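First up is the structure itself, then whatever we jot down about it.
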Amino acid sequence: MPLRTPRRIGTLRTATVAALLAVGATLVAPVPMAAHAADPTNDYCASQCADILPPGENGNATLADILANKVLGTRPAHTMDQLGPYSSLASGYQNLTDATITNFFNNSSFGVPSNQVASVESPRSDVTITRDKATGVPHIQGSTRSGTEFGAGYAAGEDRLWLMDLFRHVGRGELSSFAGGAAANRGLEQEFWRQAPYTEADLQSQVDWLSTQGGARGQQALADAQAYVDGINAYITASKNGRYFPGEYVLTGHVDAITNAGTIQPFQLTDLIALASVIGALFGTGGGGEVQSALSLLSAQQKYGVDQGTKVWEAFRERDDPEAVSTVHDGSSFPYAGKPANPQGEALPDPGSVVPEPLVYDATGGATQAATKSQGVLPSNLFSTPRKGMSNALLVSGAHTASGHPVAVFGPQTGYFAPQLLMLQELQGPGISARGASFAGLGMYVELGRGQDYAWSATSASQDVTDTYAVELCQDSTHYLYHGSCVPMEKLERTNSWKPTTADSTPAGSYRMQVWRTAYGPVEYRATVGGKAVAYTQLRSSYRHEADSILGFQELNDPGFVHDAASFQRAVQDINYTFNWFYADSRQTAYYNSGTNPVRAPGVDPSFPVWAQAAYDWRGWDPTYNTADYTPSSQHPQSIDQDYYVSWNNKQAPGYTAAGFGDGSVHRGNLLDARVKALVQQGGVTRSALVKAMEDAAVTDLRGEDVLPELLQIIGTAPVTDPQEATAVQQLTAWGQAGAKRRETSAGSHTYADADAVRVMDAWWPLLIQGEFTPGLGSDLYTALTADLAVDESPSAGHGPTGSHAGSSFQYGWWSYADKDLRAVLGKQVQGPLAQEYCGGGQLSACRDILLSTLKQAAAVPANTVYPGDDGGCSAGDQWCADSIVQRPLGGVTDDRISWQNRPTFQQVVEFPAHR
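The opening position of the sequence shown corresponds to residue 2 in the numbering used here, with each subsequent residue numbered one higher.
Written out as structure tokens, the structure is:
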């Protein structure tokens, strides 16, 4: 069948450019079919549903497109057309009304009006793919279920083929062999493969598990996935033969631009498992880090003694902080993974004995270069940074809205890439009716979006489903005791090699990754415990089960399954990744926390390593398939029709122990909670009011809103006589009174209002925290605790899923510690206090001296030191640029940078006025 016309490049203006593009311009597209509208289906949202996903739907570019982007600055259609509306909300939200929401979001109604049809294609007789003029989103209509899924795969190939290919190679630990030997590529595959090393047999066994253990829905899921893969492969064949495939295949040496020789490898079901493992590792797991927790505990005990050191450490751990904002606030509690009264089986390392397990061997050529000129297609720390805390959700029950129907504004914070990791689509076919976003290559179903009369979304939950075991070694370093028998570890290896290409000039090289795997998971560290040699391994409940969540997504897309809050909760119970799920229809709102939470042995403390012995294994654990007994659904945090819900990766519910540090009295979730609570108290909440609340939080500095008032209160207990200190205090006071915003003076000014105050805060915070806590903790313990939780996460810092310029901010930091300590010094009530007062040793005047001395020091730091510039285009001292969001290029086409805002990447605004 005829195919949709690939996106065209701009008119070539010079003979030089024409010559440069000559090869790429030979990519000729067939003529599209006559346009007609995708058939609309039952849509109960009445144009009150909207969504946005920057930078744009189109994520494929031919060689000609890429060259034109580099030379002329042009881009294929729909590459960046959602970035402008998304960005402009930061400066336009204050005057937002329900009528102007679609100035900043797309109308996400089902179907395409006939006058808005851009193209229609039918890659198979039982499916059509209609693209709309506004955004180019594919609306897939199948007369058969197989055809619907085939069309989804075909559209995914059209919009994200190169990206899908990158991530299936990341999932196999083979990125450098595929995309080049840049240091970042090697670093990324090393970080991922260390966490989730799979053989091809492992990937296939997960496919087989769905077939044999997934029941009828598992069989249907595999049939859907195979049809989806068939659609991807059909596009690969058509685009390769038609020579309009992504140009990155030429630039990385996989296809010859002149002869078209070369291969784009077809996809198979195990590729989807590899892709799912990447997404799960990024966004859907939690726990781990028990060795680092043990090290900081030992440091505390060394300084204070065992009893007091443990108290100090527990206070910083904030396992179940009573002041932490919780998604569930109706008085219910959901105890999980708490501190046992009498811990059993702890395997804390002997001091100084912990050594990380080596991963890289036999490096040659370019593999010996720690830094390379080529940047790589993805940041090397994508998996090692504290990346799991992302996404937010705001929902208000119909009892408090103007219409009497629930209102929701929600979406995942998945970083910023060009193209985006997610893609938009609408799927309509037998048993499937949904529109929304799916991770590229996993779009058999809409994963976050809306159905006919309901919508759903998720935030990363990161509850503790990963434990560290100390396996006692026997015979030698590659054998261990398993339930009394000395057994060999399994040696897993992956060898990568590459040659220089146009895209990556890294010299030819190769190296080998090696992981030792035990029944308790891969080895991460070596150490001694009580003098015994051990290997510390890491085991997560979803390991070897990367595809199991497909059943829950299938149910979410099925209008015959989901029809109210209770059926929604049943669907997401079938998702084994750790997410907070939210739901809204015309009558109800709901929340449920998903994940396979293992039932631990009595007395096991999930915060520390435990001996790998039968007495301390997960209950019902079968190492053959890594299955266990899991806590029942009733024990997962959940709620229906609470007055409102907020989530910004904060605490789920009282009793539900945080998996890591930093879930205390000040959390970015407070920014949402304060605003939504105020709206609910006022009543008459509208969609635009909820969007305003979200966006106001998105441009607010958490430190300035929730900690600065206490800092200024302490400083204000006596006159400030030093002129430099007084100026800084005046600047910070004015900034705080203005709302502590990091926002341009006007749209496009690239200059912050209160720029000096923002600079002072950015320079002051790390100096403040160090000055406040180091004298009491000592440098060794302070350093150990900062390894558990970073001091700061300001917008200009290098953190998050894309490194710097990542948008997502203020998730991880010492703001709760500072808040509790400063309130204690002020004599205020503190629930869940720190074990002692640190600022000035608890003396108000001494604390004030520390605050002023560090503030004066910070105020003297010039902007070009606070914001040193980078190789991404920001000059030293450019505050706006340092904060700005960059769409990290994953291919040959780049997009514009935008102003900072702390907000979901894909986002929905929904209010259903009717129900089936």
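All residues carry an ideal CB built from backbone N, CA and C; glycine is no exception. None of these values were measured; they are calculated from a predicted model.
query, result
"Presumed contact (8 Å Cβ cut-off) between Pro413 and Leu449, rounded CB distance", "6 Å"
"DSSP-derived helix/strand/coil call for Val910", "strand"
"Proximal residues to Thr502 (C-beta, below 7 Å), its chain only, five neighbours per side dropped", "Gly181, Leu252, Thr253 and Gly254"
"Glu122, DSSP secondary structure in three states", "strand"
"CB of Gly522 within 8 Å of CB of Thr496, strictly", "no"
"Inter-residue Cα distance where the pair is Ala629 and Arg541", "11 Å"
"Host beta strand (DSSP E) of Met81 (start-end)", "Note, Met81: premise wrong, no beta strand (DSSP E); not H, not E."
"Cα-Cα separation between Phe913 and Arg620, rounded to whole angstroms", "43 Å"
"DSSP-derived helix/strand/coil call for Pro86", "helix"
"Selection from Gly137, Met762, Ser147 and Gln682 that minimises the alpha carbon distance to Glu159", "Gly137"
"DSSP three-state assignment for Thr728, whether helix, strand or coil", "helix"
"Separation of Gly705 from Arg744, as counted between CA atoms", "13 Å"
"Where Lys500 falls: helix, strand or coil (DSSP)", "coil"
"Gly416 versus Val408: straight-line alpha-carbon distance, rounded", "25 Å"
"Beta-carbon proximity check, Val894 vs Gly873, cutoff 8 Å", "no"
"Selected residue, minimal CA-CA separation from Glu315, among Ala659, Gly485, Asp723 and Asp586", "Ala659"
"Segments assigned alpha helix (DSSP H), at least 4 residues, entirely inside the stretch 278-356", "291-305 and 307-318"
"Beta-bridge partners of Tyr593, as assigned by DSSP", "Trp582 and Gln639"
"Best match in Leu823, Lys500 and Trp736 for proximity to Ile770 [C-alpha to C-alpha]", "Leu823"
"Straight-line Cα distance separating Phe111 from Gly561", "17 Å"
"For Phe418, three-class secondary structure by DSSP", "strand"
"C-beta contact flag for Met424 and Arg161 at 8 Å", "yes"
"Run of the alpha helix (DSSP H) containing Asp822, from where it starts to where it stops", "Trp816 to Val826"
"First through last residue of the beta strand (DSSP E) which encompasses Gly514", "Rather than Gly, the amino acid found at residue 514 in this sequence is Met. Looking at the DSSP string, the run of the beta strand (DSSP E) that includes Met514 is Gly510 to Thr519."
"Heavy atom of the ligand ZN within 7 Å of Leu164 beta-carbon", "You won't find the ligand ZN in this model; it holds no ligand whatsoever."
"Touching by the beta-carbon criterion (3+ pairs, under 8 Å), the stretch 114-132 and the stretch 200-219", "no"
"Separation of Ala864 from Phe880, as counted between CA atoms", "The question names Phe, but residue 880 is Gln in the sequence shown. Taking the straight line from one Cα to the other gives about 7 Å."
"The alpha helix (DSSP H) enclosing Ala534, as first and last residue numbers", "Counting along the chain, Ala534 falls outside any alpha helix (DSSP H), though it belongs to the beta strand (DSSP E) covering Lys533 to Arg541."
"Simplified DSSP state of Ile259, which is helix, strand or coil", "coil"
"Range of the contiguous beta strand (DSSP E) that encloses Gly366", "Val361 to Gly366"
"Cβ neighbours of Asp82 in the same chain (closer than 7 Å, five flanking residues each side left out)", "Gly57 and Thr136"
"Residue closest to Tyr813, alpha-carbon to alpha-carbon, out of Asn650, Tyr584, Leu54 and Thr328", "Asn650"
"Close-in-space but distant-in-sequence residues of the same chain around Cys487 (CB under 6 Å, 5 per side omitted)", "Cys475, Gln476 and His480"
"Limits of the alpha helix (DSSP H) - the one that Val600 falls within", "Segment: none, Val600 is in no alpha helix (DSSP H) and carries neither H nor E."
"Continuous alpha helix (DSSP H) stretch holding Asp166: start and end", "Arg146 to Val171"
"Inter-residue CB distance, Val307 and Ala528 (contact presumed, cutoff 8 Å)", "Wrong, their Cβ atoms sit about 19 Å apart, outside the cutoff."
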